[in-house]
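Take a look at the structure below.
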Amino acid sequence: MHKTHREIINMAEMIIPIPEGLPQTLKMSQDEFNREAHTLLAVKLYELGKVSSGVAAQVAGMDRLTFLSSLVRYRVAAINLQDEEVVAEIEAARRLAEE
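For the sequence shown, position 52 (counting from the first letter as 1) is numbered 54 according to this note's numbering, and the numbering increases by one without interruption.
Right under this line is the structure:
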């Protein structure tokens with residue numbers, strides 16, 4: 003029997019109450035809604051810098067490359083550098099350009 007991505011990685015479950023009929027209101031099936039909720043959670047955790055792209059991909063139930071590619075849909079940068087990291091990258095690029 004083929005195991006799913008979630009079965010290979012030891013995953014815990016969380017139950018979130020939602021208003022009855024919410025998926026239908028959003029014109030989604032229950033499965034579509036569940037996938038979207040997982041993805042939204044993963045995207046937000048990644049955007050806030052709480053988890054790596056690899057962990058976020060696991061939460062979303064997809065591989066890392068697919069997760070990173072999906073970020074554009076949510077207007078989230080795939081490269082999530084902090085301000086000091088950006089400054090360091092710019093300085094390193096300037097040093098290389100001067101050589």
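The beta carbon of each residue, even a glycine, is placed where N, CA and C say it ideally should be. Quantities reported herein were computed from a predicted structural model and do not represent experimental measurements.
A direct Cα-Cα distance of roughly 12 Å separates ILE20 from GLN32.
Shortest Cα-Cα distance from GLU49 to any of LEU28, LEU67, TYR76 involves TYR76.
For LEU42, same chain residues with a beta-carbon under 8 Å away, outside a window of 5 residues either side, are TYR76 in chain order. The continuous alpha helix (DSSP H) containing ASP33 extends over residues 32 to 49. According to the DSSP assignment, PRO21 belongs to no alpha helix (DSSP H), since it is labelled neither H nor E.
In the DSSP assignment, SER72 falls within the unbroken alpha helix (DSSP H) covering 66 to 72. Between ALA62 and HIS40, the C-beta gap is smaller than 7 Å, which places the two residues in contact.
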